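Novice:
Number of protein chains: 2
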Amino acid sequence: MKSVIVNDSGARKQLEVGERPKPEAGEEDLLINVHMAAVNRTDIIIKDENTGYSSNPVPGVEVAGTVVEADSAHSFAVGDRVMGLVNGGGYAEYAVMPASRAMKIPEALSFTEGAAIPEVFLTAYQTLFWIGKLQQKETVLIHAGASGVGTAAIQLAKQLSNAKVIATAGTERKLKFCSELGADVTINYKEQPFDQAVSDATDHQGVDLILDFVGASYWDKNLASIKTDGRWVLIGIMGGSELEHVDLMALMTKRIQLTGTLLTPRSDAYKAELSKEFAARVLPYIEQGTIRPVIDSTFPIESVLDAHQHMEANRNIGKIILSMESEANK
Amino acid sequence: MKSVIVNDSGARKQLEVGERPKPEAGEEDLLINVHMAAVNRTDIIIKDENTGYSSNPVPGVEVAGTVVEADSAHSFAVGDRVMGLVNGGGYAEYAVMPASRAMKIPEALSFTEGAAIPEVFLTAYQTLFWIGKLQQKETVLIHAGASGVGTAAIQLAKQLSNAKVIATAGTERKLKFCSELGADVTINYKEQPFDQAVSDATDHQGVDLILDFVGASYWDKNLASIKTDGRWVLIGIMGGSELEHVDLMALMTKRIQLTGTLLTPRSDAYKAELSKEFAARVLPYIEQGTIRPVIDSTFPIESVLDAHQHMEANRNIGKIILSMESEANK
Numbered sequence: 001m002k003s004v005i006v007n008d009s010g011a012r013k014q015l016e017v018g019e020r021p022k023p024e025a026g027e028e029d030l031l032i033n034v035h036m037a038a039v040n041r042t043d044i045i046i047k048d049e050n051t052g053y054s055s056n057p058v059p060g061v062e063v064a065g066t067v068v069e070a071d072s073a074h075s076f077a078v079g080d081r082v083m084g085l086v087n088g089g090g091y092a093e094y095a096v097m098p099a100s101r102a103m104k105i106p107e108a109l110s111f112t113e114g115a116a117i118p119e120v121f122l123t124a125y126q127t128l129f130w131i132g133k134l135q136q137k138e139t140v141l142i143h144a145g146a147s148g149v150g151t152a153a154i155q156l157a158k159q160l161s162n163a164k165v166i167a168t169a170g171t172e173r174k175l176k177f178c179s180e181l182g183a184d185v186t187i188n189y190k191e192q193p194f195d196q197a198v199s200d201a202t203d204h205q206g207v208d209l210i211l212d213f214v215g216a217s218y219w220d221k222n223l224a225s226i227k228t229d230g231r232w233v234l235i236g237i238m239g240g241s242e243l244e245h246v247d248l249m250a251l252m253t254k255r256i257q258l259t260g261t262l263l264t265p266r267s268d269a270y271k272a273e274l275s276k277e278f279a280a281r282v283l284p285y286i287e288q289g290t291i292r293p294v295i296d297s298t299f300p301i302e303s304v305l306d307a308h309q310h311m312e313a314n315r316n317i318g319k320i321i322l323s324m325e326s327e328a329n330k
Numbered sequence: 001m002k003s004v005i006v007n008d009s010g011a012r013k014q015l016e017v018g019e020r021p022k023p024e025a026g027e028e029d030l031l032i033n034v035h036m037a038a039v040n041r042t043d044i045i046i047k048d049e050n051t052g053y054s055s056n057p058v059p060g061v062e063v064a065g066t067v068v069e070a071d072s073a074h075s076f077a078v079g080d081r082v083m084g085l086v087n088g089g090g091y092a093e094y095a096v097m098p099a100s101r102a103m104k105i106p107e108a109l110s111f112t113e114g115a116a117i118p119e120v121f122l123t124a125y126q127t128l129f130w131i132g133k134l135q136q137k138e139t140v141l142i143h144a145g146a147s148g149v150g151t152a153a154i155q156l157a158k159q160l161s162n163a164k165v166i167a168t169a170g171t172e173r174k175l176k177f178c179s180e181l182g183a184d185v186t187i188n189y190k191e192q193p194f195d196q197a198v199s200d201a202t203d204h205q206g207v208d209l210i211l212d213f214v215g216a217s218y219w220d221k222n223l224a225s226i227k228t229d230g231r232w233v234l235i236g237i238m239g240g241s242e243l244e245h246v247d248l249m250a251l252m253t254k255r256i257q258l259t260g261t262l263l264t265p266r267s268d269a270y271k272a273e274l275s276k277e278f279a280a281r282v283l284p285y286i287e288q289g290t291i292r293p294v295i296d297s298t299f300p301i302e303s304v305l306d307a308h309q310h311m312e313a314n315r316n317i318g319k320i321i322l323s324m325e326s327e328a329n330k
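Protein chains in written order, with the UniProt record's numbering: chain D, 1 to 330; chain E, 1 to 330.
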């Protein structure tokens, strides 16, 4: 089958499209004919830093496609259109997915839209509700609001919790898009210190919850932006991970709960439970169109390097999709 | 009435015993004839750093005594023996306590034992169960195991959750005492790096929960000692609060929940709810004698400075009590 492979024969690892044997599905797995895969930062890390998230030599953690081999319990049927997380191997014509975490793609949605859902929406759902415990009408600060997870989180916080959403981004185009998704307040972090804008927007109280994809470079301003007893979920380190000075007293006096999290390395059982709850609670909104996947661009699989560079330059609003569709699939 | 007062007329604040007017209780308060008060680190901080925890000029956040004026709802009667947290003003002959948080002293217990309970047991209960979410048979690392909160936490974790308790302390005498209270593993942090001992004691898995009264000086070893998905409650900074280097990636890859907390500055409603749940769930153990307050020493109120110095030198095992008992009370 056609597949992206990591060629590490040179000085720097390269992604290339080549031929690999079709993967074999276990009894509790689905074998999926992948139509669309989506790009995630973890795919870039695997290439650059040799910190693979799985033993699978093929990158890619989420796909949308059709079932070609069902699981032994027949929880899905051959021909079903499904989307979901895979344990690596998504950038290929065929991929294996545990049936326990597969979700049917709503009828109104294309494969492209389906591939844009799992990773970012499950991450946003996990961080907002399971870890961040967002309550009705609380205030949440969502950094990188125009990113994949950011666009998902803005919609989820607004639609499910009627939260007051404050989003940050670095261009007016991105901020406008955040507003269209439902953000109540948008902040251009390049034009003003975001903590001052948060203070102004919250009557100097700060926010109940921070979704932090940035890390080190935002540390002090996040500390200043969070309310006493606030929750702070650390889910990315786009602004570095190394802090040169931390005063623990600030965490104590504000009684902050700081939780680090990652989705990809979690267990199959965790991903199954998360996918199940998400499908039950959020897919109805997606079917009605009140929550929607946000797609930035679609690249043919042969242009996987261009797709990665597009993400690395932070030019995207929403998801970058890789199309596996050959003539036979169209 | 007799009271400790902070004399700040000199270069350094001094605690002195003097005369003050008896405080006035509001409708929802009890006026208490204080028999015993207990010493807490926050009392020392108020003296040294001018960071008062309340507008009350008299130090002291917990007392045991008899009710001399009941609240208007008569939730307690004149003559009742009560213990609990006060919003400052504990180091005095009379103190005001919101009735919502007062607890009856079990019959078998003296005022001295009653005064040794509220602050440390409520703090340990809050950090273990409300914040730390300790589950049955989990493993908990309790630093400063022979301190007031440490001795309370060892007993609560053991009796209520049948947890595997690992305690650290700096002398063999303290470690022996931790074992007597129920600690399964004790570590002399002066003789070996505690993280290595924790690793050995947990089959290299680490602990589910850390109760951290130490802060900066233990940071790296705590990071090494915690299990993936572990909870870490920061409740003191005996080892400093300033960290020169933190790698946030470690919090993410281990998916750590780090929560800073303090009890004294929390709201009346919080203290009421915590005291109520504690009284219902833990006082039966104390009545039966399976959980006991740990008293290090009792000082007459006139020796308040000696009592503080005893705590500052970390010589105590358990609580340091101040006796307000005049001849009339005996």
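Where is the CB? At the ideal position from N, CA and C, for every residue including glycine.
A quick note: this is a predicted structure, and the numbers were derived from the prediction, not measured.
Is there at least one Cβ from chain D nearer than 8 angstroms to Gly79(E)'s Cβ?
Specialist: no
Novice: How far does the beta strand (DSSP E) with Ser323(E) in it reach, from first residue to last?
Specialist: Counting along the chain, the unbroken beta strand (DSSP E) around Ser323(E) starts and ends at Lys319 to Ser323.
Novice: Taking the beta strand (DSSP E) that Asn33(D) belongs to, which residues open and close that run?
Specialist: Asp29 to Ala38
Novice: For Thr123(E) and chain D, any beta-carbon pair shorter than 8 angstroms?
Specialist: Using a CB distance cut-off of 8 angstroms, Thr123(E) does not count as an interface residue toward chain D.
Novice: When the Cα of Gly170(E) is compared with those of Gln155(E), Ile187(E) and Leu156(E), which residue comes out closest?
Specialist: From the listed residues Gln155(E), Ile187(E) and Leu156(E), the smallest Cα separation to Gly170(E) is found for Ile187(E).
Novice: Mind checking who Lys104(D) pairs with in its DSSP beta bridge?
Specialist: Partner(s): Val82(D).
Novice: Indicate whether at least one CB of chain D lies closer than 8 angstroms to the CB of Glu325(E).
Specialist: no
Novice: Reducing DSSP to helix, strand and coil, say where Phe76(E) ends up.
Specialist: coil
Novice: Alpha carbon to alpha carbon, what distance is there between Leu122(E) and Lys164(E)?
Specialist: Each residue's Cα considered, the two are about 21 angstroms apart.
Novice: What is the rounded straight-line gap between the Cα of Ser3(E) and the Cα of Gly65(E)?
Specialist: 15 angstroms
Novice: Look up Lys2(E) in the DSSP assignment and say whether it is helix, strand or coil.
Specialist: strand
Novice: Determine the DSSP secondary structure at Arg266(D), reduced to helix, strand or coil.
Specialist: coil
Novice: Quick one: grab the DSSP three-state call for Met252(E).
Specialist: helix
Novice: Go ahead and pull the three-state DSSP assignment for Asp247(D).
Specialist: strand
Novice: Distance check for Asp29(E) and Leu160(D), CA to CA, integer angstroms please.
Specialist: Looking at the two C-alpha atoms, the distance is approximately 41 angstroms.
Novice: Say whether chain E places a C-beta atom closer than 8 angstroms to the C-beta of Val149(D).
Specialist: It does not: the Cβ of Val149(D) has no partner Cβ on chain E nearer than 8 angstroms.
Novice: Report back the beta-carbon spacing between Lys221(E) and Asp195(E) to the nearest angstrom; my notes put them in contact at under 8 angstroms.
Specialist: 4 angstroms
Novice: Give the single residue among Val78(E), Glu62(E), Glu107(E) and Glu273(E) whose Cα lies nearest to the Cα of residue 331(E).
Specialist: Lying outside 1 to 330, the shown extent of chain E, residue 331(E) is not represented and no answer is given.
Novice: Give me, in chain order, the residues of the same chain whose beta-carbon lies closer than 7 angstroms to that of Ala102(E); leave out the 5 immediate sequence neighbours on both sides.
Specialist: In the same chain as Ala102(E), and ignoring 5 residues on each side of it, the C-beta atoms closer than 7 angstroms to its own belong to Leu30, Phe76, Val82 and Gly84, in chain order.
Novice: Which residue comes first and which comes last in the beta strand (DSSP E) that contains Ala64(E)?
Specialist: Glu62 to Glu69
Novice: For Val58(D) versus Ala92(D), is the C-beta spacing smaller than 8 angstroms?
Specialist: Annotated as proximal: Val58(D) and Ala92(D), with beta-carbon spacing under 8 angstroms.
Novice: Let me check understanding here. Comparing Cα to Cα, which of Trp232(D), Asp268(D), Pro265(D) and Leu262(D) lies closest to Leu251(D)?
Specialist: Trp232(D)
Novice: Where DSSP assigns a beta bridge to Gly18(E), which residues make up the other side?
Specialist: Ser3(E)
Novice: Going straight from the alpha carbon of Pro118(D) to that of Thr127(D), what length do you get?
Specialist: 14 angstroms
Novice: At 9 angstroms on the CB atoms, spell out the chain D contacts of Lys276(E), in chain order.
Specialist: Chain D residues near Lys276(E): none, gap ~20 angstroms exceeds 9 angstroms.
Novice: Output needed for Ile286(E): all residues of its chain with C-beta closer than 8 angstroms, excluding positions within five of it in sequence on either side, in chain order.
Specialist: Pro106, Leu109, Ile117, Arg292 and Pro293
Novice: If you draw a straight line from the C-alpha of Tyr218(D) to the C-alpha of Gly239(D), how long is it?
Specialist: 7 angstroms
Novice: Are the CB atoms of Phe177(D) and Ala146(D) nearer to each other than 8 angstroms?
Specialist: yes
Novice: Checking 8 angstroms against the spacing of the C-beta atoms, do Ala272(D) and Ser100(D) come in under that value?
Specialist: yes
Novice: Looking only at DSSP bridge pairs, what is Gln257(E) linked to?
Specialist: Thr259(D) and Arg231(E)
Novice: With a threshold of 8 angstroms between beta carbons, is Arg173(D) in contact with chain E?
Specialist: no
Novice: Would you mind sorting Arg41(D) into buried or exposed? The rule is 16 or more other CB atoms within 10 Å of its CB.
Specialist: Label assigned to Arg41(D): buried.
Novice: Using C-beta distances below 7 angstroms, list every residue in its chain close to Asn56(D), excluding the 5 sequence neighbours before and after it, in chain order.
Specialist: Asn87, Gly88 and Gly89
Novice: Along the chain, where does the beta strand (DSSP E) that runs through Ser217(D) open and close?
Specialist: From DSSP, Ser217(D) is part of no beta strand (DSSP E); its letter is neither H nor E.
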